[in-house]
Amino acid sequence: MKATVGILPPMEEAKTTRKVILSGMQPTNDLTIGQYCGALRNWVDLQHEYDSLFCVVDLHAITVRQEPAKLRRRTLDVAAMYIAAGIDPAVSTLFVQSHVPEHTQLSWILTCLTGFGECSRMTQFKDKSAMHADNVNVGLFTYPILMAADILIYNADLVPVGEDQRQHLELTRNLAERFNFHYSPTFTVPEPFIPKVGAKIMSLQEPEKKMSKSDPNERATIFMVDTDDAIRSKVKRAVTDSGTDIVYDEKRAGVANLMTLYSITTGKTTAEIEKEFSGLGYAEFKEAVGEAIVAFLGPVRQRYTELRADEDALRATLRQGAEAARERARKVLRKVYKKTGFVEF
Ligand code: TRP
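Counting in our numbering, the sequence shown runs from 502 upward without gaps.
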């Protein structure tokens, strides 16, 4: 597939019949193979079935301190990676969260409907405030309300997210119901859309932990932009155990994780993999895994590099996405303002 930047707006008539999905990722670091397999690839499949909106949530990113230049660059990086992965801007509405100010505007109204205690119970807030003890800002606290606004402003039916976002989705549902009850039916109450047995990829260095884009140990994580050699080297040095045979056993987390990676990147089943490597050792296995990942990510990285090289085109695509998103968001916000009792401007 040649990397092209779509120019067609999403089909207007289809919107009324298809369910709406919305999701987003924070531009806080380079994307990992875990995010690609666990989230992005699913979005790519979903976009043809649903009226889809995908955003880069830069407003959420600043709940943790960011260097402005890096944030700007990474926002474009993530957007380009969405497209490289197969999100088609001619099919989906692809945009940057801060380009659609209606999210923030709705967020304030929802903030005034949220109990202090409700926000205090969010486990991600507790985790993140422990992780960033020197910067426990109020934005970190109200983060899930902004996320609720992202979702409700488009009346999304489904929200593809990971298990760690379930609690935020629950809050979103409560806020939608609360608004609908206090004023009148306005918002769709969204459902989380959590992939069944999603490919959960673990850290290469501590395979009991999920692979994370913010792991301080770079060798623990495979990034989408890693070079072939970096990928090979990380896999080669991946932590395994003192065993010798290649069999799937959850208790042997390191080998199990490499088998998962091999399975995802080659399409082979566990049984096939065990057979392929019976009698062989970790060295041969790791080499095969490394090569499989290289072959799997190569085309995506190539498209990404092409897209990222033409920043004007990328920005134009994001502008079109934001315009399409705003048109929808504005209508909903207008209604919400009216129901809330704000004097019409
Ligand atoms: N909180 C989400 C995460 O960290 C990102 C996010 C922000 C999001 N707004 C959203 C996800 C709306 C889905 C829908 O993963």
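Here a beta-carbon is modelled for each residue, glycine too, at the ideal position from N, C-alpha and C.
(request) Would you be able to state if there are at least three C-beta pairs under 8 Å between the segment 700-714 and the segment 766-786? (result) no
(request) Under 8 Å Cβ to Cβ from R809, same chain only, skipping five residues before and after it: list those, please. (result) The residue given as residue 809 occupies position 308 in the sequence shown. Closer than 8 Å at the Cβ level, and outside the excluded window around R809, lie L577, D578, A581, L815.
(request) Grab the span of the beta strand (DSSP E) containing S779 for me, first residue to last. (result) Position 278 of the sequence shown, counting from 1, holds the residue named residue 779. No beta strand (DSSP E) holds S779; DSSP gives it neither H nor E.
(request) Can you give me the Cβ contacts of V557 inside the same chain, cut-off strictly under 6 Å, excluding the 5 residues immediately before and after it? (result) Start at 1 with the first residue of the sequence shown, and residue 557 comes out as number 56. Excluding positions up to five away in sequence, the list reads P528, T576, V579, A580, V597.
(message) Using C-beta distances below 8 Å, list every residue in its chain close to T899, excluding the 5 sequence neighbours before and after it, in chain order.
(response) With the chain covering 502 to 846 only, the question about residue 899 has no answer from this structure.
(request) Examine the ligand TRP and report whether any of its heavy atoms sits within less than 6 Å of the Cβ of M703. (result) Locating residue 703 in the sequence shown gives position 202, where the first residue counts as 1. Every heavy atom of the ligand TRP is 6 Å or more from the Cβ of M703, so no.
(request) Counting only the same chain and skipping the five closest in sequence on each side, list residues whose C-beta sits under 7 Å from that of R674. (result) For the purposes of this step, residue 674 is taken as the residue at position 173 of the sequence shown. If we look at R674 and ignore the five residues flanking it on each side, its Cβ neighbours are V690, P691.
(message) Tell me which residue opens and which closes the beta strand (DSSP E) that T594 is part of.
(response) Counting from one through the sequence shown, the residue named residue 594 turns up at place 93. 594-597 is the extent of the beta strand (DSSP E) around T594.
(request) Please confirm whether any heavy atom of the ligand TRP lies closer than 6 Å to the CB of I652. (result) Along the sequence shown, read from residue 1 onward, the residue named residue 652 stands at position 151. For the ligand TRP, at least one heavy atom lies less than 6 Å from the Cβ of I652.
(request) Report the residue ranges of all alpha helix (DSSP H) runs contained in full by the segment 805-841; include only those spanning at least 4 residues, in chain order. (result) 812-841
(request) Going by CA-CA distance only, name the one from D559, S608, Y838, V545 that's closest to S593. (result) For the purposes of this step, residue 593 is taken as the residue at position 92 of the sequence shown. Looking at the Cα atoms, V545 is the closest of the given residues.
(message) Rounding to the nearest angstrom, what Cα-Cα distance links M648 and S608 in this structure?
(response) By 1-based counting over the sequence shown, the position of residue 648 is 147. By 1-based counting over the sequence shown, the position of residue 608 is 107. If I take the Cα positions, the gap works out to 8 Å.
(request) Can you give me the Cβ contacts of K839 inside the same chain, cut-off strictly under 8 Å, excluding the 5 residues immediately before and after it? (result) In the sequence shown, the residue the question calls residue 839 occupies position 338. Result list for K839: E845, in chain order.
(request) Provide the residue span of the beta strand (DSSP E) that contains M623, from first to last. (result) Position 122 of the sequence shown, counting from 1, holds the residue named residue 623. No beta strand (DSSP E) holds M623; DSSP gives it neither H nor E.
(request) State the beta-bridge partners of D552 as determined by DSSP. (result) By 1-based counting over the sequence shown, the position of residue 552 is 51. In the DSSP output, where bridge partners are listed per residue, D552 has V521.
(request) Could you please give the first and the last residue of the uninterrupted alpha helix (DSSP H) stretch that includes L499? (result) The chain is shown from 502 up to 846; residue 499 falls before or after that span and cannot be answered.
(request) Take the Cβ of A634 as the centre, count every other Cβ of all protein chains shown within 10 Å, and call the residue buried at 16 or more, exposed below. (result) Looking up residue 634 in the sequence shown gives position 133. By the 10 Å Cβ count, A634 comes out exposed.
(message) Between Q598 and chain C, is the shortest Cβ-Cβ distance under 7 Å, so that the two count as touching?
(response) The chain labelled as chain C is not found in the depicted structure, where only one protein chain is given.
(message) For the ligand ZN, I want to know if V662 counts as a neighbour, meaning its beta carbon is within less than 6 Å of at least one of the ligand's heavy atoms.
(response) Within the structure as shown, the ligand ZN is missing, the only ligands being the ligand TRP.
(message) Quick check: the segment 564-572 against the segment 611-627, are at least 3 beta-carbon pairs closer than 8 Å?
(response) no
(request) Enumerate in chain order the residues of its own chain whose CB-to-CB distance from G853 is below 6 Å, with the five nearest sequence positions on each side excluded. (result) The question about residue 853 has no answer, for the chain in this structure spans 502 to 846.
(request) Taking all protein chains shown into account, decide if N718 is buried (16 or more other Cβ within 10 angstroms of its Cβ) or exposed. (result) Start at 1 with the first residue of the sequence shown, and residue 718 comes out as number 217. Label assigned to N718: exposed.
(request) Note the first and the last residue of the continuous beta strand (DSSP E) segment covering P693. (result) One-based indexing of the sequence shown puts residue 693 at position 192. That run of the beta strand (DSSP E) goes 692-694.
(message) Let me check one thing: in DSSP terms, what residues is K711 bridge-paired to?
(response) Walking along the sequence shown from the start, residue 711 turns up at place 210. DSSP lists M703 as partners of K711.
(request) Could you check what DSSP says for T767 in three-state terms: helix, strand or coil? (result) The residue you call residue 767 lines up with position 266 of the sequence shown. Three-state result, T767: helix.
(request) Alpha carbon to alpha carbon, how far is I654 from T687? Give it in angstroms, no decimals. (result) Position 186 of the sequence shown holds residue 687. Position 153 of the sequence shown holds residue 654. If I take the Cα positions, the gap works out to 10 Å.
(message) Given this structure, state the Cα-to-Cα distance separating L560 from K776, to the nearest angstrom.
(response) Position 59 of the sequence shown, counted from the start, is the residue given in the question as residue 560. Position 275 of the sequence shown, counted from the start, is the residue given in the question as residue 776. So the alpha carbons of these two residues sit roughly 48 Å apart.
(request) Please work out which residues of its chain come closer than 6 Å, Cβ to Cβ, to Y805, disregarding the five sequence neighbours upstream and downstream, and give them in chain order. (result) Counting from 1 along the sequence shown, the entry for residue 805 is found at position 304. Closer than 6 Å at the Cβ level, and outside the excluded window around Y805, lie A581, M582, A585.
(request) Over the uninterrupted beta strand (DSSP E) stretch that includes V639, give me the two end residues. (result) Taking the sequence shown and counting its residues from 1, one reaches residue 639 at position 138. Per DSSP, V639 belongs to no beta strand (DSSP E); it is in the alpha helix (DSSP H), 639-653.
(message) I need the straight-line Cα distance from P800 to R622, nearest angstrom please.
(response) Here residue 800 refers to the residue found at position 299 of the sequence shown. Here residue 622 refers to the residue found at position 121 of the sequence shown. Looking at the two C-alpha atoms, the distance is approximately 42 Å.
(request) For M526, write down the residues that DSSP places opposite it in a beta bridge. (result) On the sequence shown, residue 526 is found 25 positions in, with the first residue counted as 1. M526 pairs with V557.
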